[in-house]
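Visitor:
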Amino acid sequence: MKVLITGGAGFIGSNFVHYWAKHHPKDKIRVLDALTYAGNYENLRPIEKKIEFIKGDITNREQLRQALKGVDAIVHFAAETHVDRSVFDPGSFWKTNVVGTRTLLEEAKKAKVDRFHQISSDEVYGELPLDSKERFSESTPYAPRPDNLYAISKAEADRVVKDFYKETGMFITISNCSNNYGPYQFPEKYVPLLVTNLIDGYKAPVHGDGRHVRDWIHTDDHARAVDLILQKGKPGETYLIGAENDRPNAYIAERVVYLSGKDAGWIKYVPDRHSNDRRYAIDATKIIEELGWKPEVSRDKFDDGLKETIGWYKKNEGWWRPLLQRRALISDGDKKVFAYMSLDREVGKTKLSFNPEETVAKDDRAKIALTEKLLTEENKRRFDLIKNKLKTRKWYLQTDSRKRKELMALAKNPRAAGFVEDLANRPDVIGDEKQLKLVKLEYAPKKYPIYGIAAWFEVETSSKEKWAQAIYSWGVGPKSGARFLVLIRQKGKISHLALLKDNQFPMGARVYGLAGGFPRMNESVFELILRKLNEDLGVDVKSESTKIGEIVNLGRVMPDAGMTSNHPLIYAITLDVSEKIFPPIRVGEAYDFEEDVVLWPVERLSELVNKVDDSYFLAALTRLTLGGISNIKLF
Ligand code: NAD
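Okay, so the sequence shown: first residue is 2 according to my numbering, each after it adds one.
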C-alpha cells in the first residue's frame, strides 16, 4: 500500500511516519508538508531513506496532483495548530484547515484514492465545566468556543469532510484526539515548553490558576489508534481517542519539574492564555470496544511517558534549539509583513515583535459578488418586503441611484439581507443625528471568513452641521469590533490602566471607556490593536521604549440592542512602558492627559468602578479579576 501522510513533518504527523515505517515496513510512505514554521524536515531525518518527501501545500492543486499519484490511502494531519497564533492570523488557519482539506479531498477523488482519514481534535467540542465528570463522546455536538479560531477551523474542516463523505461515498473516517505529548513537539506547546525552559534555567510557567484540564495522550498511543482505524474503521464513522488521563496543567508542571530533578520553586504562575478552554476529557469507549484499542502509555504510566519525553529533549538539544529562533511572519494575502510571532519563554506565550521598517497594507475593497442564483423563493419574498420598506425611507429616496442599486443588490444576498432589513426598519436617526442619505457601503474583503458591512450615512446635527456616520454589521468572528483594556506595566509590575475619557452627551459628565472599536474592513485584530494603541492612546508601540507584553482574550460581549450582529471581543493588553512615553509614573498617582487618555492607578480601581458605566469596561475588569489573570484586585 502507498500511504500519503500530510503534515508528516509536524509533531504528531512525524511521530506517525516513524510508527508506520516501523510497523508496516512493506508499505510505501509519501509525506506532503509545506514546512511552515511548525514543520521540520529534521523530524524525518532518521527515516528519510524509508520515505518519499514532497514539499507542498494542500491548498495547491498542482502540488496535490503530484503528491497523490499512485496513492491508496491518505492520513491527513496537515493543519495550522497553535491556538495563540490563530487570534492574530485567522486567515491562514481557515485557508489550510478548511479550504486545504476540501481541496485535498477533491483532488484525492479525482486521483481515485478511496481511503481518507481526517485527524481532528477534541477542541471542536468546546470546553467542559471545570469540576464536572463529563467527557466528550462521539455523540457530543460540536460547539467550539467562538473565540478559539483553531477549534472553529477544525470543526469546519470536519464538516467539510463529513459533507464530502455524504456527497461521494468515499471511504472516510475521522478521529478526534486529545492533547498529545512526546518527541518532536514544537517547544511552544506545553510539555516541551516546560522541559526546555527547565533545561535552560527558565521557570516552568503555569497559566492562570493552573486548573485548566487536558487529557494527555502519548503520540505512540495516538498512532496505534489511527492504525487500527485505518485497518478496521467503518466508513463515515468518527472515533474519539483519549487515554483517560485528564490532568490540570499545574499537575503537569509539577510532574515535569519533579522528574527534571527540580523543586517547586521552579514553578511560576503567569497570566492566562487567551482562548484557554477550561477542561477537555474524552470517553474513548467506542474505539476501545469496537476496534480493540488500548492506550499503552496510559494514565498509570504517565510518569514513564513524561520521563522518556524529558530524556528525549535532553538528548536532542540540537533539534529544538534552532526552533526557538524561529519567527512566524504575520502576513495576510498580499499584505506586507509588519510583525513576527515567536515564543516568549518566560511566560510560555506567543510574543509579538515589530518591524517598523515595514508598513501596514493598503486598503483593500472587496467587490460585491451577487448572483441571481442565490435568490430562492423565500429570499425573493423577503427581498420584496425590504425593497418596499426601503422605498418609504426618506434617506433612501435621497440616496443616489448607484448606491440605491448597490443596497438593493445587498438585500438580495441572503447573507446580508438581514442587515439591509434592519436599515430599512430603523428610525431615520443615528443617535440624535438625522440620517440624510446613504453615501458609501464598505465591505470586509472576501478572504476573511466573516462578513462585515459598514453603511455610511450623511447625517445632520440639531445645529445643521453635516458629517458621515457608519452603521456596522459584523458576523461573529475575530474581527468583530474588538476593544482593549490596556494595563500599563513598569518594571514588571502592572501599575495603571490606560482609559479613554470623554464627555457624555448632553450632560457633559466625564465617562471612561476602553480603547479599540470597529476595525477597518480589511483589518485583523492584531492590526486593530496596533492602530488603536497608536491612535487612542498616542503610544508608539513599535518604538524601542514601548512593547506589547501579553494579549489576553477575555471573551465576547453582546452589548447591542439589536441593530447589528456585533459581538465584539474584549482583550486585556499589557503594555510595557518606559518613561520616554509617559511622564515618570508614580504608583498611586492618576494622570489625566490633554488628549483623551487617563492613566488610572490599579490600587484605586474601586473608585473608578463607581464612575464607569461602560459595559465593555466593566465586563473586561470583571473577567480579568474573576479569571485571576492579573495582579489586579477589584475589591
Ligand atoms: P504541527 O503544527 O506540529 O504540524 C502541522 C504540520 O502541517 C506542519 O509540519 C506544517 O508544516 C504542516 N502544514 C501546515 N500547513 C500546511 C499546508 N497548507 N500544506 C501542507 N502542510 C501544511 O501540528 P500537530 O500538533 O502535529 O497536529 C497535527 C494534526 O493533529 C492537526 O490536524 C491537529 O489539528 C491534530 N491534533 C493535534 C493535537 C495536539 O495535541 N497537538 C491534538 C489533537 C489533534
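From the three backbone atoms N, C-alpha and C, an ideal C-beta is built for every residue, glycine too.
For the ligand NAD, I want to know if Ala112 counts as a neighbour, meaning its beta carbon is within less than 8 Å of at least one of the ligand's heavy atoms.
Guide: For the purposes of this step, residue 112 is taken as the residue at position 111 of the sequence shown. No; taking the cut-off as 8 Å, the Cβ of Ala112 has no heavy atom of the ligand NAD nearer than that.
Visitor: Under 9 Å between the Cβ atoms of Leu534 and Gly514?
Guide: Looking up residue 534 in the sequence shown gives position 533. Looking up residue 514 in the sequence shown gives position 513. 9 Å or more divides the Cβ of Leu534 from the Cβ of Gly514.
Visitor: On a CA-only basis, which of Ala226, Gln186, Lys263 and Glu461 is nearest Ile200? Give me that one, please.
Guide: Indexing the sequence shown from 1 puts residue 200 at position 199. Out of Ala226, Gln186, Lys263 and Glu461, Lys263 has the C-alpha closest to the C-alpha of Ile200.
Visitor: Compute the beta-carbon to beta-carbon distance between Asp214 and Ala282, rounded to the nearest angstrom, for a pair I have assumed lies under 8 Å.
Guide: Translated into the one-based positions of the sequence shown, residue 214 becomes position 213. Translated into the one-based positions of the sequence shown, residue 282 becomes position 281. Correcting the residue identity first, residue 214 is Val in this sequence and not Asp. Correct: roughly 7 Å between the Cβ atoms.
Visitor: List the endpoints of the continuous alpha helix (DSSP H) containing Arg532.
Guide: On the sequence shown, position 531 is the one that residue 532 refers to. First-last of the alpha helix (DSSP H) with Arg532: Val526 to Leu538.
Visitor: In whole angstroms, what separates the C-alpha of Val599 from that of Ala510?
Guide: Start at 1 with the first residue of the sequence shown, and residue 599 comes out as number 598. Start at 1 with the first residue of the sequence shown, and residue 510 comes out as number 509. Their backbone Cα atoms lie some 15 Å apart in a straight line.
Visitor: Following the continuous alpha helix (DSSP H) through Ile571, name the residue where it begins and the one where it ends.
Guide: Counting from 1 along the sequence shown, the entry for residue 571 is found at position 570. Looking at the DSSP string, Ile571 is not in any alpha helix (DSSP H); the run it does join, the beta strand (DSSP E), is Leu570 to Val578.
Visitor: Do Asp247 and Trp217 have their CB atoms nearer than 9 Å?
Guide: As a position in the sequence shown, residue 247 is number 246, starting the count at 1. As a position in the sequence shown, residue 217 is number 216, starting the count at 1. Cβ atoms of Asp247 and Trp217: closer than 9 Å.
Visitor: Would you mind sorting Trp468 into buried or exposed? The rule is 16 or more other CB atoms within 10 Å of its CB.
Guide: Position 467 of the sequence shown, counting from 1, holds the residue named residue 468. Exposed is the call here.
Visitor: Grouping DSSP H, G and I as helix and E and B as strand, with all else coil, what is Trp396?
Guide: Along the sequence shown, read from residue 1 onward, the residue named residue 396 stands at position 395. In this structure, Trp396 counts as helix in the three-state DSSP scheme.
Visitor: Is it buried or exposed for Val588, if we count other Cβ within 10 angstroms and need 16 for buried?
Guide: Indexing the sequence shown from 1 puts residue 588 at position 587. Exposed, since its Cβ has fewer than 16 Cβ neighbours within 10 Å.
Visitor: Hey, how far is the Cα of Gly647 from the Cα of Val421?
Guide: Absent from the model: residue 647. The displayed extent of the chain is 2 to 636, so no value can be given.
Visitor: Mapping the DSSP letters down to three states, classify Ala621 as helix, strand or coil.
Guide: Position 620 of the sequence shown, counted from the start, is the residue given in the question as residue 621. Correct three-state label for Ala621: helix.
Visitor: Can you list, in chain order, the residues of its chain with a C-beta nearer than 6 Å to that of Phe165? Leave out the 5 residues immediately preceding and following it.
Guide: Your numbering for residue 165 matches position 164 in the sequence shown. Contacts found: Leu106.
Visitor: Shortest alpha-carbon distance to Lys315 belongs to which of Tyr185, Arg394 and Ile173?
Guide: Taking the first residue of the sequence shown as 1, we reach residue 315 at position 314. If we check each option's Cα against that of Lys315, Tyr185 comes out closest.
Visitor: Would Lys374 be called buried (16 or more neighbouring beta carbons within 10 Å of its own) or exposed?
Guide: Here the question's residue 374 lines up with position 373 in the sequence shown. Here Lys374 scores only 40 on pLDDT, less than 50, and its place in the model should not be relied on; the value that follows carries that caveat. When all chains shown are included, Lys374 counts as exposed.
Visitor: Assess contact between the stretch 146–165 and the stretch 75–82, defined as three or more Cβ pairs (one per stretch) separated by less than 8 Å. Is contact present?
Guide: The stretch 146–165, when compared against the stretch 75–82, does touch it at the 8 Å Cβ threshold.
Visitor: Should His24 be labelled buried (16 or more other beta-carbon atoms within 10 Å of its own) or exposed?
Guide: On the sequence shown, residue 24 is found 23 positions in, with the first residue counted as 1. Burial call: exposed.
Visitor: Would you kindly work out how many angstroms separate the C-alpha atoms of Ile369 and Ala74, rounded to a whole number?
Guide: For this step, residue 369 is matched to residue 368 along the sequence shown. For this step, residue 74 is matched to residue 73 along the sequence shown. With a pLDDT of only 25 at Ile369, under 50, the local geometry of the prediction cannot be trusted, and the value read off the model is given with reservation. When only Cα atoms are considered, Ile369 and Ala74 end up about 40 Å apart.
Visitor: How far does the beta strand (DSSP E) with Arg103 in it reach, from first residue to last?
Guide: As a first step, residue 103 must be located in the sequence shown, where it is residue number 102. Run containing Arg103: none in the beta strand (DSSP E); it sits in the alpha helix (DSSP H), Thr102 to Lys111.
Visitor: So does the stretch 430–443 actually touch the stretch 485–500, counting three or more Cβ pairs closer than 8 Å?
Guide: no
Visitor: Going by the C-beta, is Asn180 closer than 8 Å to any heavy atom of the ligand GTP?
Guide: No copy of the ligand GTP occurs in the structure displayed; its ligands are the ligand NAD alone.
Visitor: So is the beta-carbon of Gln67 under 8 Å away from any non-hydrogen atom of the ligand NAD?
Guide: Taking the sequence shown and counting its residues from 1, the one referred to as residue 67 is at position 66. False, no ligand heavy atom lies under 8 Å from that Cβ.
Visitor: Using a 10 Å radius around the Cβ and a threshold of 16 neighbouring Cβ atoms, would you call Pro584 buried or exposed?
Guide: As a position in the sequence shown, residue 584 is number 583, starting the count at 1. Exposed, because fewer than 16 other Cβ atoms sit within 10 Å of the Cβ of Pro584.
Visitor: Taking Cβ to Cβ, would you say His219 is nearer than 9 Å to Tyr270?
Guide: Within the sequence shown, numbered from 1, the residue matching residue 219 stands at position 218. Within the sequence shown, numbered from 1, the residue matching residue 270 stands at position 269. No; because the gap between Cβ atoms is not below 9 Å, this pair is not in contact.
Visitor: For the alpha helix (DSSP H) holding Val421, just list the boundary residues, first then last.
Guide: Walking along the sequence shown from the start, residue 421 turns up at place 420. Start and end: Ala418 to Asn426.
Visitor: My parser needs the alpha helix (DSSP H) runs of 4 or more residues fully inside the stretch 264–316; what are they?
Guide: 286–292 and 303–316
Visitor: For a test of your reading of the model: does the CB of Gln186 fall under 8 Å from any non-hydrogen atom of the ligand NAD? Yes or no.
Guide: As a working mapping, residue 186 is identified with position 185 in the sequence shown. Checking every heavy atom of the ligand NAD against the Cβ of Gln186, one is found closer than 8 Å.
Visitor: Measuring CB atoms only, is the stretch 109–117 touching the stretch 40–47, in the sense that at least three cross pairs come out at less than 8 Å?
Guide: no
Visitor: Taking 8 Å as the cut-off, is the CB of Asn277 close to at least one heavy atom of the ligand NAD?
Guide: What you label residue 277 is simply residue 276 of the sequence shown in a count that begins at 1. Checking the Cβ of Asn277 against the ligand NAD gives no.
Visitor: So, is Asn317 buried or exposed, given that buried needs 16 or more other C-beta atoms within 10 angstroms?
Guide: Residue numbering aside, residue 317 sits at position 316 when the sequence shown is read from its first letter. It counts as exposed.
Visitor: Pull up the DSSP beta-bridge partners for Asp216, would you.
Guide: Along the sequence shown, read from residue 1 onward, the residue named residue 216 stands at position 215. Residue pairing by DSSP places Asp216 opposite Asp247 in a beta bridge.
Visitor: Gly8 and Phe78 - do their beta-carbons sit closer together than 9 Å?
Guide: If you number the sequence shown from 1, residue 78 lands on position 77. If you number the sequence shown from 1, residue 8 lands on position 7. Against a cut-off of 9 Å, the Cβ pair of Gly8 and Phe78 comes out as a contact.
Visitor: Measuring CB to CB, does Ala251 end up less than 9 Å from Asp210?
Guide: For this step, residue 251 is matched to residue 250 along the sequence shown. For this step, residue 210 is matched to residue 209 along the sequence shown. Yes, the pair counts as a contact, with Cβ atoms nearer than the cut-off.
Visitor: In the DSSP assignment, find the unbroken beta strand (DSSP E) run with Val76 in it and report its ends.
Guide: One-based indexing of the sequence shown puts residue 76 at position 75. Its beta strand (DSSP E) spans residues Ala74 to His77.
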